[in-house]
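Protein chains in written order, with the numbering used here: chain S, -2 to 252; chain C, 18 to 334; chain D, 34 to 325.
The next block holds one structure in the form of structure tokens; read it before the comments.
Here it is as structure tokens:
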């Protein structure tokens, strides 16, 4: 079966530093694939390369078999890729609902004429979009907060809105960059359950995380990076036993 | 009883008639000002168009000039009917905005502002040197075809279109671009296309305003489309508030009426009207940018919040 | 030809001096100060009042006008830029608030000195033309070029050899890093504004001496040319500002001589446009975006 996401020989350097140095990765649809490694190992760079904010120097990335080579970020998104950001990049002045509505951008096809004239068809489409957005916020546990400005939400709440925003696109591939950083244990549990549900629904999830227990619970497959290279790849339990992985983490004080 | 009612009715009729007569006198005297509120409103909206997606594009004086001259030349030299001239006034700048926007919208913040200021100046320079269009003197004796009613209708149309844009999928996309362009791209928004679209729309609105002004004041000249002009437009938009589609129009109305009021005031203070107007403009803009960054339009919401806080305070104590 | 080169260098030195002020503030703060031209204008008026009204000699009036301009710059920073520093859109709102202050300055000038052209009294600079390079150079031109060059050298020494200069370069590179190593960033910013405005004031006095005309809107055309100069030379590059300033002066004089006066301004805007489209960082500008 075609992987939902595949990286082959991907390289990216900044000045002299090789942030990503020949990474191979395959994510099957309906699975959660963890990407872990010490700080600076290239995890976020991989996410940036897949989502199109960066171009690879070498190598190829495909989404459901289609190459993303040369495509601008918005066209890669159209192939079915959505993401969250390590540093949370919600639209601060917009409400939680508006943020999620923007996430639906690619799926909405209202008629401009209908909108201009205020026709019932346009209003129905908008009500539908609002309802979907509110349902997503409900799903991440922010049911009554849809109207609040994103910047007035707590850190954990903002991360959850970001997840809802990414889900709004109903993407083939969901890229989550440290989605539980700064969350309390119960929030983490809720997000873990959500991630498993999302995979069951058929999405492919690439999960970058520092929380090793979460990764063990949630991931079907695990890739470990160090200095931009893959040092282990396979089932989570097996991977975490490998000595190289252990020394990578202990050696650099990661996780 | 009947006498009392008749007396009251007569009194009311007389009062209404006097009011209408006074208003129409007022209208006749201030027709020019009212017309300019409309024109300035359109100009403010043309700057707002790009501000709404976070781009500080200051080429509207150039677009306005293109529209004004296109319309004036079509009615005066080619003898075409006014509606055709007006459509050309909107279409020509829009067409120019397309090739301009492609390279220029790639520039960030301040660089975009400077490039578009440069564009405006180049248009002005071209017109100063174009003898067919009257050079520095411009074109005079343009037929007065733009009535206050027409200007008001055009402003209403622009407000309507921009108002319908907000709250739609495309309006949300524009706001997303303003807040975080790179993140917006990862959601599938073709930010370059949106920014270009708004530049073209803003150019069309500015051109329309130019065509209207040309046929409202009988003349056009290059020095009416200088850097100062686009600064005025920016000030209207910022003072009124560029976070809502109607804010810029409010700012334009406020800052068009203000000099008229000041003209009455200035002899009382002992300051010349020219410097006084400039000083007040500068101080108003400074006050807004420092204390009310989202402009006058944010006053109602701001006041509501302030009152809510006041009401809560005694409870907290 | 020689005469044109002389005129071009002379005009260019004023452009370069003015542009240096812009680029200094942009380099240190990533901000465009659109009140620079108003300071340029006010300094000219003050110098004129000192020479014409208080009967001071030029060698005293010029530094006094420069100090006055520098102080205006300090006020400007405090009132228009510092309050906006935390804001996300601070370079756009900074641009707007500097415009506001520029308008206030212009209003003051109009009220105090009126809209008419003021001129320096005859004899402010003794006239002594000297033959040079196939043309004639006046003592005024020598004076202006000399003062401008002197200020360039002084600035270069300040930036390269003094502690303040090092601190300014550190802040230009990264204010956050500079603060961490103990630089008083606020003070450096104030100093940068003082120096930038003093240079702008000097440019104003020299400009008004050169053309013997001072009026409240004299900053307009120079302002836009100054922008063209720093874009072409590269925002934040002082050498770029000087080189591009001289280049612009020379090209303008040559264009006027061969194509006529009405095309003079087209030079700066044409160059501006070309550079922005082909090489936005300018001829000598830094390639990377500033980090915060």
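Idealized CB from N, CA, C, for every residue including glycine.
Assigned secondary structure, residue i (DSSP; H/G/I helix, E/B strand, else coil)
i, result
"residue 131/S", "helix"
"residue 281/C", "helix"
"residue 57/S", "strand"
"residue 186/C", "helix"
"residue 232/C", "coil"
"residue 21/S", "strand"
"residue 249/S", "In this predicted model, residue 249/S has a pLDDT of only 49, less than 50, meaning its place in the structure is not dependable enough to derive any value."
"residue 248/D", "coil"
"residue 31/S", "strand"
"residue 88/S", "coil"
"residue 79/S", "strand"
"residue 172/D", "helix"
"residue 315/C", "helix"
"residue 63/S", "strand"
"residue 151/D", "strand"
With 16 other Cβ atoms within 10 Å as the buried cut-off, status of residue i
i, result
"residue 155/S", "buried"
"residue 187/C", "buried"
"residue 90/D", "exposed"
"residue 213/C", "buried"
"residue 146/D", "buried"
"residue 149/S", "exposed"
"residue 182/S", "exposed"
"residue 238/S", "exposed"
"residue 88/D", "exposed"
"residue 153/D", "buried"
"residue 84/S", "exposed"
"residue 60/C", "buried"
"residue 170/D", "buried"
"residue 158/S", "buried"
"residue 322/C", "exposed"
"residue 298/D", "buried"
"residue 172/C", "buried"
"residue 159/D", "exposed"
Nearest-angstrom beta carbon gap, residue j and residue i [assumed within contact, 8 Å]
i, j, result
"residue 256/S", "residue 24/S", "Because residue 256/S is not part of the residues shown, which for chain S are -2 to 252, the question remains open."
"residue 179/S", "residue 153/S", "6 Å"
"residue 256/D", "residue 81/D", "About 20 Å separates the two Cβ atoms, so there is no contact after all."
"residue 165/D", "residue 39/D", "7 Å"
"residue 99/S", "residue 88/S", "7 Å"
Continuous alpha helix (DSSP H) stretch holding residue i: start and end
i, result
"residue 210/S", "209 to 215"
"residue 38/D", "35 to 62"
"residue 155/S", "152 to 164"
"residue 222/S", "Unbroken run through residue 222/S is the beta strand (DSSP E), 218 to 223; no alpha helix (DSSP H)."
"residue 259/C", "Where residue 259/C is concerned, there is no enclosing alpha helix (DSSP H), given that its DSSP letter is neither H nor E."
"residue 127/C", "126 to 146"
"residue 202/C", "198 to 202"
"residue 278/D", "271 to 292"
"residue 171/S", "No alpha helix (DSSP H) contains residue 171/S, which is instead part of the beta strand (DSSP E) from 170 to 174."
Nearest candidate by alpha-carbon position, reference residue i, set the options
i, options, result
"residue 104/C", "179/C, 256/C, 223/C", "223/C"
"residue 12/S", "50/S, 45/S, 163/S, 54/S", "54/S"
"residue 189/S", "128/S, 20/S, 56/S, 29/S", "29/S"
"residue 245/S", "224/S, 141/S, 106/S, 142/S", "224/S"
"residue 52/C", "294/C, 83/C, 233/C, 38/C", "233/C"
"residue 303/C", "191/D, 128/D, 252/D", "128/D"
"residue 178/D", "278/D, 65/D, 85/D", "278/D"
"residue 77/S", "47/S, 95/S, 67/S", "47/S"
"residue 122/S", "131/S, 111/S, 132/S", "111/S"
"residue 245/D", "219/D, 155/D, 103/D", "155/D"
"residue 35/S", "61/S, 213/S, 234/S, 205/S", "205/S"
"residue 115/S", "320/C, 180/C, 175/C", "180/C"
"residue 185/C", "198/S, 101/S, 243/S, 60/S", "101/S"
"residue 315/D", "30/C, 124/C, 115/C", "124/C"
"residue 210/S", "200/S, 177/S, 197/S", "177/S"
"residue 235/D", "78/D, 292/D, 310/D, 36/D", "78/D"
"residue 207/S", "2/S, 7/S, 33/S", "33/S"
"residue 62/S", "4/S, 140/S, 124/S, 161/S", "4/S"
Terminal residues of the beta strand (DSSP E) in which residue i lies
i, result
"residue 165/D", "163 to 165"
"residue 201/S", "201 to 205"
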